[in-house]
Amino acid sequence: MADSVWAPVNTAAVADTTAPARHSALVRATHWITTIAFLALLLTGVEILISHPRFYWGEAGNVNTSPLFTIPIPASRGTVPTGYGYVLPDQNGWSRYLHFQSAWLAVLTGLLYVAFGFSSGHFRRNLLPAASNRGDATSYNRLQRSTYLFVIFVLFPLVIWTGLAMSPAIASVLPGSVAILGGQQSARTIHFFVTVALVVFLLGHITMVIRAGFRNRVRTMITGRL
Amino acid sequence: MNISRRKLITTGVIATAGASAAIIAERKGLVPPDGAGLYGPGETLTYATQRVLTSHSLAREFAPSQISKDPFANPVAPLGDEFKRLQAEAFVDWPLAIDGLVDRPASFSLAQLKSFPRHNQITHLACEEGWSYIAQWTGVPLSHLLNLVGTQPQARYVVYRSIQRDWWDSIDMADALHPQTVLAHTFNGSDLPVPFGGPLRMRVPRQLGYKSVKYITRLTVTDDLKKFGKGLGSSAPEGGYAWYAGI
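Heads up: the protein sequence lines correspond to chains A and B, in order. Taking the numbering used here, the leading residue of the first sequence gets 8, the next gets one more, and so forth. Taking the numbering used here, the leading residue of the second sequence gets 2, the next gets one more, and so forth.
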């Protein structure tokens with residue numbers, strides 16, 4: 008039976024449509040909004056990175072400073088020594104506009120999700136490892152639960168924090184938030200590594216969805232029904 | 002269809018709140034000049050939030066020991082004949098004109114500007130590309146000049162122009178009157194070098210480097226940025242970059 012992902016749920020194929028949804032409407036909506044925002048942030052983040060693929064530690068760093076490390080790719084600025092004989096086109100204008108707009112979308116969606124997660128018992132019931140593991144296809148195991156909680160409560164807050172710490176205006180209001188990270192260039196470097204961790208999570212997440220049955224799982228995250 | 006009453010009410014409340022927020026932002030001057038179009042919502046959220054949070058905050062200042070030994074100056078387009086003529090005379094006649102919504106439009110020479118009260122700051126300059134340096138900037142506070150010429154009450158923005166015709170920008174009065182916004186003529190204790198914007202650079206330390214425009218020759222106080230260029234407040238949005246760069 009090859010149900011299309013987009014087809015309405017076939018009541019004959021799904022035995023019990025009155026059962027509680029696998030994912031609540033709010034979880035499904037925030038999941039896909041976050042997906043769109045994250046992919047936009049990733050694409051534009053890479054574009055911004057290309058204008059200066061060098062990383063530093065501390066407050067300040069530029070092409071006259073020895074870097075902590077460099078990414079061996081060509082740059083979109085001729086002032087950056089990359090070893091490549093060409094310069095990529097500058098994409099920073101729209102990339103920055105879209106990066107910050109997507110950041111707002113991700114942050115506001117994330118706040119809504121977290122508020123819902125606490126108030127509805129979603130975190131306690133579905134993600135807290137201590138909760139009883141039903142051990143069936145509708146429940147996550149301990150490693151999955153811990154990973155989701157780590158992404159939600161460590162990686163996302165950290166990527167937002169290090170992003171804000173790069174803002175000179177935010178730094179003027181919360182100077183301690185930059186100092187504690189080791190400086191503005193350290194914040195940029197940490198921002199990069201947290202992004203790498205989020206991409207690793209994304210790849211693992213997609214791999215598990217594929218192994219568990221891609222169409223079925225995606226449909227569940229869209230319609231709520233297994 | 003099962004759209005519950007709660008969902009309808011929630012949607013209505015969110016839509017009303019959004020529309021109200023947009024109206025309040027517009028009235029309070031919290032919409033940036035490039036706040037329309039595809040990226041308008043994000044830009045408006047950023048500018049409005051930061052304007053409310055940062056109206057009086059000071060950019061971080063650093064110890065002399067933290068000054069970068071190796072600051073970097075982004076290359077500029079060739080400077081024209083007028084610049085070279087002024088440079089040949091050590092910039093003594095470098096002009097700074099102030100006009101627009103002021104009681105006493107005036108022009109000051111670099112020598113006059115250097116005789117005015119000085120503000121010193123050791124601040125971080127970050128380029129939107131990702132690199133940065135820390136340097137000591139010395140100059141005359143923009144607020145001092147605005148007081149000298151008498152800013153009129155309806156003033157909302159200060160437009161500043163470079164001798165490089167393609168470069169101009171603007172800041173709102175919160176940044177214009179901010180104590181750390183200076184017309185810098187001295188860099189790490191010496192005359193501001195040409196690659197770093199000498200002889201006169203607008204220094205706006207709570208925003209990214211591109212708001213600190215080099216080679217300033219004219220300031221215009223205005224209540225309406227639509228009168229300038231394409232009406233987006235700066236040459237930056239005309240080139241695809243955001244007007245507000247506090248990020």
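Using N, Cα and C, we set each Cβ at its ideal position, and we do this for glycine too. Quantities reported herein were computed from a predicted structural model and do not represent experimental measurements.
Query, Result
"At least one CB of chain A closer than 8 Å to the CB of B/W138: is that the case?", "no"
"Return no unless some Cβ of chain A is closer than 8 Å to the Cβ of B/R202.", "no"
"For B/D71, return the contacting residues in chain A, with the cut-off set at a CB-CB distance below 8 Å.", "N69, N71 and T72"
"Using a Cβ-Cβ cut-off of 6 Å (strictly less than) and excluding sequence neighbours within five positions of B/F197, which residues of its own chain qualify?", "A74 and F188"
"Per DSSP, which one or two residues make a beta bridge with A/F76?", "A/F62"
"What is the DSSP secondary structure of A/T18, reduced to helix, strand or coil?", "Confidence at A/T18 is low in this model, with a pLDDT of 40, below 50, so its placement is unreliable and the value that follows should be read with caution. Here A/T18 sits in coil by DSSP."
"Can you check whether the C-beta of A/V16 is within less than 8 Å of a C-beta belonging to chain B?", "Any answer about A/V16 is weak, because its pLDDT of 41 lies below 50 and its placement is not dependable; what the coordinates show is given next. So, not an interface residue."
"Could you compute how far the alpha carbon of B/R6 sits from the alpha carbon of A/S31?", "18 Å"
"Skipping 5 residues on each side, what residues in its chain have a beta carbon closer than 8 Å to that of A/G211?", "T154"
"Against chain B, with Cβ distances strictly below 8 Å, would A/F200 count as a contact?", "no"
"Output the residue ranges of the beta strand (DSSP E) runs that lie fully inside the stretch 71 to 101 of chain B and measure 3 residues or longer, sorted by chain position.", "96 to 101"
"Would you call the stretch 54 to 63 of chain B in contact with the stretch 198 to 215 of chain B, where contact means no fewer than 3 C-beta pairs closer than 8 Å?", "yes"
"Going by the DSSP bridge assignment, what does B/D173 pair with across the sheet?", "B/Y158"
"From the beta carbon of B/A91, is the nearest beta carbon of chain A less than 8 Å away?", "no"
"Quick one: residues in its chain with C-beta nearer than 6 Å to the C-beta of B/I135, no 5 flanking neighbours on either side, listed in chain order?", "F63, Q67, I68, S69 and H125"
"Indicate the three-state DSSP secondary structure (helix, strand or coil) for B/G216 in the structure shown.", "Going by the sequence as given, residue 216 of chain B is Tyr instead of Gly. If DSSP states are grouped into helix, strand and coil, B/Y216 belongs with coil."
"Straight-line CA distance for B/A89 to B/G199?", "13 Å"
"If you measure between the beta carbons of B/D173 and B/R157, is that distance less than 8 Å?", "yes"
"Looking at chain A, which residues of the stretch 123 to 155 of chain B have a Cβ within less than 7 Å of any of its Cβ atoms?", "H125, A127, E129, E130, G131, W132, S133, Y134 and I135"
"B/P76 and A/T86 - do their beta-carbons sit closer together than 8 Å?", "yes"
"What does the alpha-carbon distance come out to for the pair A/T169 and B/G43?", "19 Å"
"If you check the beta carbons only, do A/H129 and A/V166 fall under 8 Å apart?", "no"
"Less than 8 Å between CB atoms is the rule here; does A/W101 satisfy it with respect to chain B?", "yes"
"Can you grab the Cα-Cα spacing for the pair B/D176 / B/K115, in whole Å?", "22 Å"
"For a minimum of 4 consecutive residues, which ranges assigned as the alpha helix (DSSP H) are wholly contained in the stretch 148 to 218 of chain A?", "149 to 157, 163 to 172, 175 to 180 and 182 to 186"
"Tell me which residue opens and which closes the beta strand (DSSP E) that B/R153 is part of.", "Residue 153 of chain B is actually Gln in this sequence, not Arg. Taken as a continuous stretch (DSSP letters only), B/Q153 belongs to no beta strand (DSSP E), as it is neither H nor E."
"Can a CB atom of chain B be found closer than 8 Å to the CB of A/R35?", "no"
"Give the residues of chain B in contact with A/M173, contact being defined as C-beta atoms less than 9 Å apart.", "A127, G131 and I248"
"Considering only the beta carbon of each residue, do B/V141 and B/L220 sit closer than 8 Å?", "no"
"Would you verify that the beta carbon of B/G36 is, or is not, closer than 8 Å to some beta carbon of chain A?", "no"
"So with CB distances below 7 Å, who are the chain A contacts of B/A243?", "R103 and Y104"
"Would B/K212 be called buried (16 or more neighbouring beta carbons within 10 Å of its own) or exposed?", "buried"
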